[in-house]
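Student:
2 protein chains.
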Amino acid sequence: MANHDMHREWASKTRGQEDSGHLADSVAEILDCAALCFTEMGFQGTSIDDVARRLGATKGRIYHYFRSKTDLFFEVHREGMRRLMDAVNSAMSQGGTGREKLLHMIEAHALTMMQNTAYEAVVVQGVHMHRLSATTPEQRVSLDELMDIRHRFEQLFVETMREGQADGSVREGADVSLAVKGLLGAVNWMAIWYRPRPDETPEQQQLIARHVAELQVSGIA
Amino acid sequence: MANHDMHREWASKTRGQEDSGHLADSVAEILDCAALCFTEMGFQGTSIDDVARRLGATKGRIYHYFRSKTDLFFEVHREGMRRLMDAVNSAMSQGGTGREKLLHMIEAHALTMMQNTAYEAVVVQGVHMHRLSATTPEQRVSLDELMDIRHRFEQLFVETMREGQADGSVREGADVSLAVKGLLGAVNWMAIWYRPRPDETPEQQQLIARHVAELQVSGIA
DNA sequence: TCTTGCGACATACTCAGTAGTATGCGAGGT
DNA sequence: ACCTCGCATACTACTGAGTATGTCGCAAGA
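So the protein sequences, as listed, match chains A and B.
Take the position in the first sequence, starting the count at 1, then add 3; the result is the number in my numbering.
Take the position in the second sequence, starting the count at 1, then add 3; the result is the number in my numbering.
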C-alpha cells in the first residue's frame, strides 16, 4: 500500500526531472528488459519471471517497483510514446511549409521506430490491445490515458497536414484523417519488418527513414 | 493419432472443393468464433474455453477438430490469407498499366480487410507472432509456411510495381521493396482503426478502400 | 429389427505454469 | 543500535492447455 503510492510518485518523478540516483538506473534497467521481453514474446506470453531472468534477478525486484505486470507494460508503453512525441514535436517545431514539416515529422517518427525497436514495438502492441476488451477495470483507465496521448499524437499530423492544405503545399480533396491513418500505418508497420543490420550506420538509418517519409508524402506515381 | 491425421486430411479437403456436409459447417463455425475471440482478446488472451463458450459448446467440440490452440489459430490465419490472396490475385489479373493494377490490388486488399475484420485482424496478429520466438518446434513449421505465403503475397505487389516502372506508369528511383512494405503497412493498419459503421453500405466501404489505395499510389502532395 | 460401430461431441479430470503475496535478510545510513 | 531500502526466497491460489473417457444418435450390416 505504501509501496503502491511510491510507484505513482515515481512515475511522476521520472516524467519530470531525472532523479540522479541508482533508483532511476534500476527502474530503467527493468524497463529495458521488459521492453525486450514484451517485444519478443508478447504481453501475455511474457511472465514476470522471464523479465526477472533476463535481469539476472527475481520477481521481488520487479514487484518492488511495479504494482503489476500490466503496470509494467504500460510504463514501457509510456516511455515509448514519450520518445516518439519528443522526436515528432521537435521536428514539427522546425518551420517550413506544411508539407515540409510533415515530411520531417514522418522521418523523425520512422527514425525513432528504428532506434528504439523494443520500446516502439511495445507501443504498437499497446495500440493493438486497445481493441482487446480483456482488461480489468483499473487497467482500462491507464489504457484510455495512453490512447488519449496516442490521439493527440495523431492530431499533430492532422493539424500539420491541414496547415499544408492552407498554404498550398498539400493537395486539397484528400480526407485528412484517412491520409494520416494511412501514413502512420506505414510507419508503424516498420515495427514488424525493420531489423537493424549489425553494421548499419546512423546515416543509413536516416536514409531509410527519409525514403519512407518521402514515399508517404509523394506517393509512388 | 487417428484424429490427428483426420485434421490434416480435413485441411486439404476444405482447401480444395467444399464438402457438402455438416462437417464443413461445424468447422467453419468454430473458425468464425475463434477469429472473433482472437481478434478481441489476442491469441494468448483467448482460452479454448472462451471459444467454446462463444460457440455454446465445450472444449470437446474444438479438440475434436483441432489438435491444439495453436493449430486453431493457424487455421484461422490461413483462411484469412486465402481470402486476401483471392481478392488480390483477382484484381491483379484484370489488365491495365502496372500503376492501375497496383491501385486495384491495394483497393482489393483494403476492401477485404474491411469485409473480414475478424479474420484479417488475426492475420495481422500472426505476422506479429513471427517475431515471437516463443513457439514450439512443430508450430514453427506452420508459422514458416504461413510466412512463406505472406512473402509470396508481398512479391505480387513487388512484381506489379516493377511492371509499372517498366511501362512508365510508376516512377523510377524508388526502392520498390521499401515502397511495398510502406503501402502494405498502411493497408494492414486498417485492422487497427477500421470498424464498420452499423449503417455502412458496401458502396461506402468501396469508397474508403479506393481512397486509401489512391493515397498510397499518389501520395498527398 | 436388432446390434454394432462410429462420428460428434460432453464431462471430468490432470498438471504445469504463473500472477501476486508474505516474509526474510543483508547493507548502509543515522 | 535501529531502521529502512532494495531486493531474494518461499510460498499460495488459480488459470488454462491438453487428455481420457463417457454418452447419445444414427447408419449400415446381419
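Each residue gets a CB set at the ideal place from its N, CA and C atoms; glycine is no exception.
By the three-class DSSP mapping on this structure, what secondary structure does B:S172 have?
Tutor: If DSSP states are grouped into helix, strand and coil, B:S172 belongs with coil.
Student: How long is the line joining the alpha carbons of A:L114 and B:G63, rounded to whole angstroms?
Tutor: Approximately 49 Å between the Cα atoms of the pair.
Student: For A:V173 and chain B, any beta-carbon pair shorter than 9 Å?
Tutor: Chain B, which has a Cβ nearer than 9 Å to the Cβ of A:V173, makes this yes.
Student: Can you check whether the C-beta of B:H131 is within less than 9 Å of a C-beta belonging to chain A?
Tutor: Interface residue, yes.
Student: With a cut-off of 8 Å on the beta carbons, I'd call A:Q219 and A:A189 a contact; round off their distance for me.
Tutor: Indeed, because the Cβ distance is near 6 Å, the residues count as touching under 8 Å.
Student: Given 8 Å as the limit, is there contact between the segment 175–182 of chain B and the segment 174–188 of chain A, that is, 3 or more CB pairs closer than that?
Tutor: Taking 8 Å as the limit for Cβ pairs, the verdict is that the segment 174–188 of chain A does not touch the segment 175–182 of chain B.
Student: Assign A:P199 to one of three DSSP states: helix, strand, or coil.
Tutor: Coil at A:P199, not helix or strand.
Student: Counting only beta-carbon separations shorter than 9 Å, does A:I211 have a partner in chain B?
Tutor: Cβ-Cβ to chain B under 9 Å: yes for A:I211.
Student: Going along chain B in order, which residues have a C-beta closer than 8 Å to the C-beta of A:Q158?
Tutor: Per Cβ cutoff of 8 Å: no residues; A:Q158 is ~14 Å from chain B at best.
Student: Roughly how many angstroms separate the alpha carbons of B:E82 and B:I109, rounded to a whole number?
Tutor: Rounded to whole angstroms, B:E82 to B:I109 spans 19 Å at the Cα level.
Student: Taking any Cβ of chain B, which residues in the segment 91–102 of chain A have a Cβ under 8 Å from it, in chain order?
Tutor: Hits within the stretch, in order: R102.
Student: Would B:G101 and B:S172 qualify as a contact pair, given that the criterion is a beta-carbon distance under 9 Å?
Tutor: Yes, the pair counts as a contact, with Cβ atoms nearer than the cut-off.
Student: Is there a Cβ from chain A that is less than 9 Å from the Cβ of B:L181?
Tutor: Yes, because at least one Cβ of chain A sits closer than 9 Å to the Cβ of B:L181.
Student: Jot down the residue ranges of each uninterrupted alpha helix (DSSP H) in the segment 97–170 of chain A, minimum 4 residues, whole runs only, in chain order.
Tutor: DSSP runs (the alpha helix (DSSP H)) wholly in the segment 97–170 of chain A: 101–118, 120–134 and 140–170.
Student: Smallest Cα separation from A:S221: which of B:L39, B:L75 and B:R174?
Tutor: Ranking the options by Cα distance to A:S221, first place goes to B:R174.
Student: So with CB distances below 8 Å, who are the chain A contacts of B:Q142?
Tutor: Near B:Q142 there are no residues of chain A at all, since even the closest Cβ is about 13 Å away, more than 8 Å.
Student: Check whether the Cβ atoms of B:F69 and B:L149 sit closer than 9 Å, and answer yes or no.
Tutor: In this structure, B:L149 does not lie closer than 9 Å to B:F69 by Cβ.
Student: So, using beta-carbon positions, are B:V125 and B:N191 closer together than 9 Å?
Tutor: No, the pair does not count as a contact, with Cβ atoms beyond the cut-off.
Student: Starting from B:I65, follow the alpha helix (DSSP H) in both directions and report where the run begins and ends.
Tutor: Per DSSP, B:I65 belongs to the alpha helix (DSSP H) from K62 to Y68.
Student: Can you find a CB in chain B that lies within less than 9 Å of the CB of A:H214?
Tutor: It does; some Cβ of chain B falls within 9 Å.
Student: For a test of the three-state rule: what should DSSP assign to B:I223, helix, strand or coil?
Tutor: Looking at B:I223 - three-state DSSP - the assignment turns out to be coil, as it is neither helix nor strand.
Student: Hey, would you say B:V54 sits closer than 9 Å to B:L159, going by beta carbons?
Tutor: No, they are not a contact pair.
Student: Go through the segment 28–83 of chain B residue by residue and report every complete run of the alpha helix (DSSP H) that reaches 4 residues or more, in order.
Tutor: Entirely contained in the segment 28–83 of chain B, the alpha helix (DSSP H) runs reaching 4 residues are, in chain order, 51–58 and 62–68.
Student: Determine, for A:I152, whether the minimum Cβ-Cβ distance to residues of chain B falls below 9 Å.
Tutor: Answer no: the Cβ-Cβ gap between A:I152 and chain B never drops below 9 Å.
Student: Shorter than 8 Å, the distance from the beta carbon of B:Y68 to the closest heavy atom of the ligand ADP, or not?
Tutor: This structure does not include the ligand ADP; it has no bound ligands of any sort.
Student: Kindly indicate which three-state DSSP category B:A182 falls into: helix, strand or coil?
Tutor: In this structure, B:A182 counts as helix in the three-state DSSP scheme.
Student: At 9 Å on the CB atoms, spell out the chain A contacts of B:V220, in chain order.
Tutor: Result: G222, I223 and A224.
Student: From B:E206 to A:Q207, what distance separates their C-alpha atoms?
Tutor: Distance between the alpha carbons of B:E206 and A:Q207 is about 43 Å.
Student: From B:R11 to B:D74, what distance separates their C-alpha atoms?
Tutor: Unreliable positioning characterises B:R11 in this predicted model, as indicated by a pLDDT of 39, which lies under 50. The coordinate reading is nonetheless provided below. Taking the straight line from one Cα to the other gives about 11 Å.
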